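See structure below.
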DNA sequence: TTGTAGGCGTTATCAT
DNA sequence: ATGATAACGCCTACAA
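Chains as they are written, first to last, in the numbering used here: chain L, 87 to 428; chain Z, 87 to 428.
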């Protein structure tokens, strides 16, 4: 920095002003400084900057090593948004064991200014601890208690409701809902399946429809047998709603082998799914697309607002999944209306 | 730190010695210090540490925002290995435009001590620049010129060769290879498809077999029509080797709709694939599993060796994909031996 | 608009 | 085995 200052014949602080836009500087001096910087290939030292300013300008996205879902769109949007505000987003991979303490350390050690949490559970110890430590954070997902908490989440309630409504409009009356069974995993307590189920049951009953719920673990065996389970336990189902990507794929693949035509006999839709998944099946899967991009951007922005806004009210946002037309949904096949059909 | 020192009645430097294990300390004083630390909840400041020691202890894994593949196993292993050596791995998401300069900045700004690069291309500008800047880095993947370069990579040559050999042993004589077509994408020049194709052609010709190559873009339309293309252009194929996950899935799903039984009529195997993919098809996909875990660990270790070893020779490693038995491979159906069969 | 100087929290060197 | 103290590179009042 001193070298830059010398070369531009200014003081070291002027260089700082230019680099940080912290004080007005005459265009000419600014130019000289900028030129010196690029000629010397100067880059300000992250550590020194963080030390002196007490800000790292880093947002840490805690990146669960559970391989649970595809987060690319989300990460990309969050990183972009962060950058637009002068922050950098890094993904900080953490195993599930000692997560809680490590997360607060990140902030207390000054590595990050704020933390983004995903795969949030109903009652999430990480959230409690971050709150206690008064560490700035935002959630992708929702805990049970949301008082004063910054978050963005998918509106699973609305999405589920819409999915049922859309199918009902096509004449479907007998539904099956397929969910991830995460009990006995570190993700038990992961809220989305619960929210979807609750909404599903409510809507089904409000509309006087029939609905069965299937919980499917992530073991391969279980996934490949959903099809048979549904055919056995809910044989009149004409519409399957799956919030379990692998199961959705598996269903579209397996049902035809059981003599069921998709979508003529049974319609299948996936909930809160990455678009990329849709097209590996034949016919392509109809989905309600997870708004990864919007979630990521909003999450970053909410966190930054917290970081910079002086005690602003909590930023909270729910985003609905929009339908992506595939080929696995059709009107319900007309039921055998008369029991004594010829 | 001063508070800790006071509380333990030692000097600030003793605290440092304890915390860093840099000098011998009497067990008693060490205990006092440790106790003071935990009582006060002290954490050393990342920035100050980095500033004073000129080391950030951060390895940045440049994380391509291209959503090209599933890197979880890799990331997890690399993070674990790094931690074992006292480093932290962060994923640094970068768009493909200005990557090159940003990567060297990371090091020049002292944010990271070293960089891990993935999705490496044959001729990769990032590598050139990092080399010029004398920034420590290691590749997951290989450039064309590997002189003095640290890398780990999948041994695509050997894996492809094995795949053909295994199928040939089952009596298959007529092969199709399905590859990702990445031309016109930022990943054109991504080496794996080329390596696989070259090996495939060589082995096919050495063994006097028949082989056709299909290049499939990532557009949904293209993927879902591979099946038809193969049936049209290579109608006698009995074994399909796919280094394109989506295409592999799609094939297993689509071929039965065309009257082809898998694996009785045609065998399908996927190359360099995450295990998780295997079980969404029916029957489950047979694969040669990408050694994500080994790659991640080795990559981190090689980079750390470079960081700490004084001018050690380049660390280079190739790892072969091992077969994962699924249900999509079977002996070749006996050919209609006599042209005049009854 | 620009310069001066103190301080950010550690590490590392040199004494003791 | 422990302590005193100068860097580390930058930011930021405060002064000019």
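Quick reminder that beta carbons are idealized off the backbone N, C-alpha and C, glycines included. Here the structure is a predicted model, which is why all the values come from computation and not from measurement.
Residue 297 of chain Z carries a strand assignment under DSSP once its states are collapsed to helix, strand and coil.
Secondary structure note for residue 240 of chain L: its beta strand (DSSP E) is the uninterrupted segment 237-240.
With a cutoff of 8 Å on beta-carbon distance, residue 160 of chain Z and residue 381 of chain Z are scored as near each other.
Residue 392 of chain Z is classed as buried because its beta carbon has at least 16 other beta carbons within 10 Å across all chains shown. Secondary structure of residue 208 of chain Z (DSSP, three-state): coil. Here DSSP, grouped into helix, strand and coil, assigns residue 269 of chain L to coil. Relative to the Cα of residue 301 of chain L, the nearest Cα in the group L:267, L:221, L:411 and L:384 belongs to L:267. When Cβ-Cβ separations below 8 Å define contact, residue 221 of chain Z makes no contact with chain L.
Within the region 309-324 of chain Z, those residues whose Cβ lies closer than 9 Å to any Cβ of chain L are, in chain order, 309, 310 and 313. Fully contained in the region 367-391 of chain Z are the following beta strand (DSSP E) runs of length 3 or more, in chain order: 372-375. Counting only the Cα atoms, residue 235 of chain Z lies some 26 Å from residue 129 of chain L. Bridge pairing for residue 359 of chain Z: Z:375 [DSSP]. What residue 88 of chain L touches in chain Z, judged by beta-carbon distance under 7 Å, is nothing: the nearest beta carbon there is about 16 Å away.
Counting along the chain, the unbroken alpha helix (DSSP H) around residue 89 of chain L starts and ends at 88-93.
Annotation: residue 397 of chain L to residue 197 of chain L spans about 22 Å, alpha carbon to alpha carbon. Cβ neighbours of residue 369 of chain Z within its own chain (closer than 8 Å, five residues either side excluded): 338, 348, 349, 412, 413 and 414. A residue is called buried once 16 or more other Cβ atoms fall within 10 Å of its Cβ, and residue 210 of chain Z is buried on that count. According to DSSP, residue 174 of chain Z shares a beta bridge with Z:144. Contacts between residue 133 of chain L and chain Z, judged by CB atoms closer than 7 Å, involve 133, 136, 137, 142 and 196 in chain order.
Residue burial annotation: residue 97 of chain Z is exposed, with fewer than 16 other C-beta atoms found within 10 angstroms of its C-beta. Rounded to whole angstroms, the separation of the alpha carbons of residue 221 of chain Z and residue 140 of chain Z is 14 Å. Distances from the alpha-carbon of residue 335 of chain L to those of L:366, L:318, L:345 and L:344 put L:366 closest. Between residue 177 of chain L and residue 147 of chain L a beta carbon distance of about 5 Å is seen, short of the 8 Å cut, so the two are scored as contacting. The Cβ of residue 183 of chain L sits no closer than 8 Å to any Cβ of chain Z. Burial of residue 239 of chain Z is indicated by the presence of at least 16 other C-beta atoms within 10 angstroms of its C-beta.
Setting aside the 5 residues that flank it on each side, residue 103 of chain Z is surrounded in the same chain by 109 and 111, each with a C-beta closer than 7 Å to its C-beta; the list follows chain order. Minimum Cα-Cα distance from residue 390 of chain Z among the listed residues Z:145, Z:351 and Z:116 corresponds to Z:145. With contacts defined by Cβ atoms closer than 8 Å, residue 188 of chain Z and residue 175 of chain Z do not form a contacting pair. Between residue 119 of chain L and chain Z, the shortest Cβ-Cβ separation is not below 8 Å.
Residue environment: residue 99 of chain Z is assigned as exposed (fewer than 16 neighbouring CB atoms within 10 Å of its CB, all protein chains considered).
As a beta-bridge residue in DSSP terms, residue 328 of chain Z pairs with Z:264 and Z:356. The residue from Z:346, Z:363, Z:341 and Z:298 with its alpha-carbon nearest to that of residue 331 of chain Z is Z:363. With respect to the 8 Å criterion, residue 122 of chain Z and residue 168 of chain Z are not classified as neighbours on the basis of their beta carbons. Shown here is that no member of the region 102-119 of chain Z has a Cβ falling below 7 Å from a Cβ of chain L. Distance between residue 305 of chain L and residue 228 of chain L, taken at the CA atoms: about 26 Å. Excluding sequence positions up to five before and after residue 274 of chain L, its CB lies within less than 7 Å of the CB of 268, all in the same chain and listed in chain order.
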